[in-house]
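Some notes on the structure that comes next.
In full-length UniProt numbering, the protein residues as written are 1 to 382.
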């Protein structure tokens, strides 16, 4: 198949999944064409059947803002015609699905369109009444619509009020990108710990996000404060965003500034999972929680909140623990329980790794997307 993929090429979950899926499809022999504003950052090596088409937006005096949507639609139409694409896979309803529909009309080819909903296009933009009709247009005009969790599919029905069937297809992680950590830390793991002043007897908790309010990093720091009172430990916070300075101040107020490590954005997140014991994702909104899955695949046991898709990724008391949003007491109790009971930790870790392999394997998820691609091309969109 000849597949055009449009996504945000940045480090967000939607861009990661779109890129990793494209790589998997290219490795399976499909012709993949990324049509984006920049090369997706997860593309680290060339593949003979994977091409990148850059969308360059020019400034025109007549426009108050650069016309990205029109430029993107025009570029997609050009690629459709030049490479005779079979289908488009658009990640986000707005603007990408809408641009795909416009490009379809420009190209005058009956190209099929799949749209994957990742969360922000529904949970944030969906509440903006000025965009709601555009989102519904993008969804209803697609041949197949998928979402990254059952929770997000239900939210879409509730907010957008569409009758379009939405197929939940979970995210995945590339197994080679996130190897399972060995039982005995390697020399490089110890060197990384030494680099950040983490002692051999200290447990490591980790959180990765864009530091927005909805990530509830305040709850994570409160959780860690209680854990640190009982267990020698460090908290690694990876990422950057609007809440960064406020959270640094909170750590100072709790006298934890030497134990909470704000390490900014990191390209090689997997290296930090290799030295971590627990991953915390206590958000108040979360469509899936890709960082959670990345950590779990690496062997890091999770504690998450009841928000959105998190409770679909973690099986409570089997592969990790789920707590109510804002409940740092329950989160810290579960953390201490795991970190002070090595046998319980190992048992839960083993069940977690088995579940990740069964439900979130990259080949399994890629098979699902391929199935729906074929259904579209055969005219079976139900």
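Just so you know, even glycine gets a beta-carbon here, dropped at the ideal spot from N, CA and C.
Within the same chain, Cβ atoms closer than 7 Å to the Cβ of residue 201 are found at 232, the five residues on either side in sequence being excluded. If you ignore the 5 residues before and after residue 260, its C-beta comes within less than 6 Å of the C-beta of 235 and 251, all in its own chain and listed in chain order. Sixteen is the threshold: when 16 or more other Cβ atoms of the shown chains lie within 10 Å of the Cβ of residue 153, as they do, the residue is buried.
Judged by DSSP in its simplified three-state form, residue 239 adopts coil rather than helix or strand.
The straight-line gap separating the alpha-carbon atoms of residue 84 and residue 240 is approximately 41 Å. In the three-state reduction of the DSSP assignment, residue 352 falls in the helix class, which pools H, G and I. In this structure, DSSP gives residue 1 a state outside helix and strand, which the three-state scheme calls coil. Annotation: the region 102–180 contains the following complete segments of the alpha helix (DSSP H) (minimum length 4 residues), in chain order: 120–123, 129–140 and 150–160.
In the three-state scheme derived from DSSP, where H, G and I count as helix and E and B as strand, residue 22 is classed as helix. Here DSSP, grouped into helix, strand and coil, assigns residue 321 to strand. Within the same chain, Cβ atoms closer than 6 Å to the Cβ of residue 13 are found at 290, the five residues on either side in sequence being excluded.
Per DSSP, the beta bridge partners of residue 203 are 233. A residue is called buried when at least 16 other Cβ atoms come within 10 angstroms of its Cβ; residue 340 does not meet this threshold and is exposed. Between the C-alpha atoms of residue 317 and residue 96 there is a straight-line separation of about 39 Å.
For residue 364, the enclosing alpha helix (DSSP H) stretches over residues 362–377. Taking a contact as a CB-CB distance under 8 Å, the pair residue 337 and residue 280 does not count as one, their CB atoms being some 14 Å apart.
Unbroken beta strand (DSSP E) stretches of 3 residues or longer found wholly inside the region 40–72: 50–54, given in chain order.
Annotation: residue 305 is outside any alpha helix (DSSP H); the continuous beta strand (DSSP E) that includes it extends over 301–305. Only exposed fits residue 59, as fewer than 16 other CB atoms lie within 10 angstroms of its CB.
In the three-state scheme derived from DSSP, where H, G and I count as helix and E and B as strand, residue 184 is classed as coil.
Contact check for residue 328 and residue 162: beta-carbon distance about 37 Å, past the 8 Å limit, so the pair fails to qualify. DSSP, reduced to helix, strand and coil, places residue 340 outside both helices and strands of the structure shown, so it counts as coil. Going by C-alpha positions, residue 193 is about 29 Å away from residue 355.
Rounded to whole angstroms, the Cβ separation of residue 53 and residue 79 is 5 Å, and the two are in contact under 8 Å. Considering only 214, 223 and 2, the residue with the shortest C-alpha distance to residue 330 is 223. Counted as a single uninterrupted DSSP element, the stretch harbouring residue 310 is not any beta strand (DSSP E) but the alpha helix (DSSP H) occupying residues 310–313. Looking only at 82, 333, 50 and 315, the smallest Cα-Cα distance to residue 349 is reached by 315.
In this structure, residue 88 lies near residue 113, with their beta-carbon atoms less than 8 Å apart. Judged by DSSP secondary structure, residue 262 falls within the beta strand (DSSP E) whose first and last residues are 260–264. Residue 282: not part of any beta strand (DSSP E); DSSP gives it neither H nor E. Around the beta-carbon of residue 184, fewer than 16 other beta-carbon atoms lie within 10 Å, marking it exposed. In terms of Cβ geometry, residue 167 and residue 144 form a close pair [threshold 8 Å].
Scanning its chain for C-beta atoms nearer than 7 Å, with the 5 sequence neighbours on each side dropped, one finds around residue 39 the residues 9 and 52, in chain order.
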